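Here's the structure we're looking at; comments come further down.
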Amino acid sequence: MDPILLLACILVCEGAGAIGSVATKRSIPNWYQGLKKPRFNPPNRLFAPAWTILYLLMGTALYLVLLIQDSPWKLISIGLFSIQLALNVLWSLIFFGRKSLKGGLIMIMMLLVTISLTLISFLQISELAAILLIPYLIWTGFATLLNYSLIKLNPNK
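When you line the sequence shown up against this note's numbering, it's residues 3 to 159, in that order.
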């Protein structure tokens, strides 16, 4: 075990979340609060703790992959992980920062595909790393449905 590497992996993921949260926090009180929401929309207070836990799991999964010495999947996995993390930040910047429901939907669909590919590539290296990404995949699937529902309920936004 390398606690410094584990901490670094977690901080990278939590840091990505912090970047996205800057745009999010600015838009929630005004723009997001004014949108019509589906019945299944969770309370705003649940999003920050959920994402904090998901970023912790993501960082731990990355750490487990980085520990593996010889795997032809390692470089692919790290590349896919990096892409999905960038898409994660971009979704927040587009959805909340640009206040674009449709742009957000396009971005989150790309994110969902990339998370799926990352999970599959992690599975080739570490079953536990792949398992740790399952809650993230499920949450992002839910967020995709929520994003789509917001478009339907707010066609002029």
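Don't be surprised by glycine CBs; every beta carbon is placed ideally from N, CA and C.
From a predicted model like this one, the values you see are computed outputs, not experimental measurements.
Asked: Local conformation of asparagine 158 per DSSP, three classes; Found: coil
Asked: Start-to-end residues for the alpha helix (DSSP H) that takes in tryptophan 53; Found: 49-69
Asked: Proximity winner among Ser102, Ile70, Ala18, relative to aspartate 167 (alpha-carbon distances); Found: Absent from the structure is residue 167, since the part of the chain shown begins at 3 and ends at 159.
Asked: Selection from Trp75, Leu147, Ile122, Phe144 that minimises the alpha carbon distance to leucine 135; Found: Ile122
Asked: Inter-residue spacing [alpha-carbon to alpha-carbon] between alanine 18 and asparagine 90; Found: 8 Å
Asked: Beta-carbon separation (whole angstroms), threonine 120 vs leucine 82, contact threshold 8 Å; Found: 4 Å
Asked: Nearest neighbour of isoleucine 21, chosen from Lys76, Pro31, Phe98 [CA to CA]; Found: Phe98
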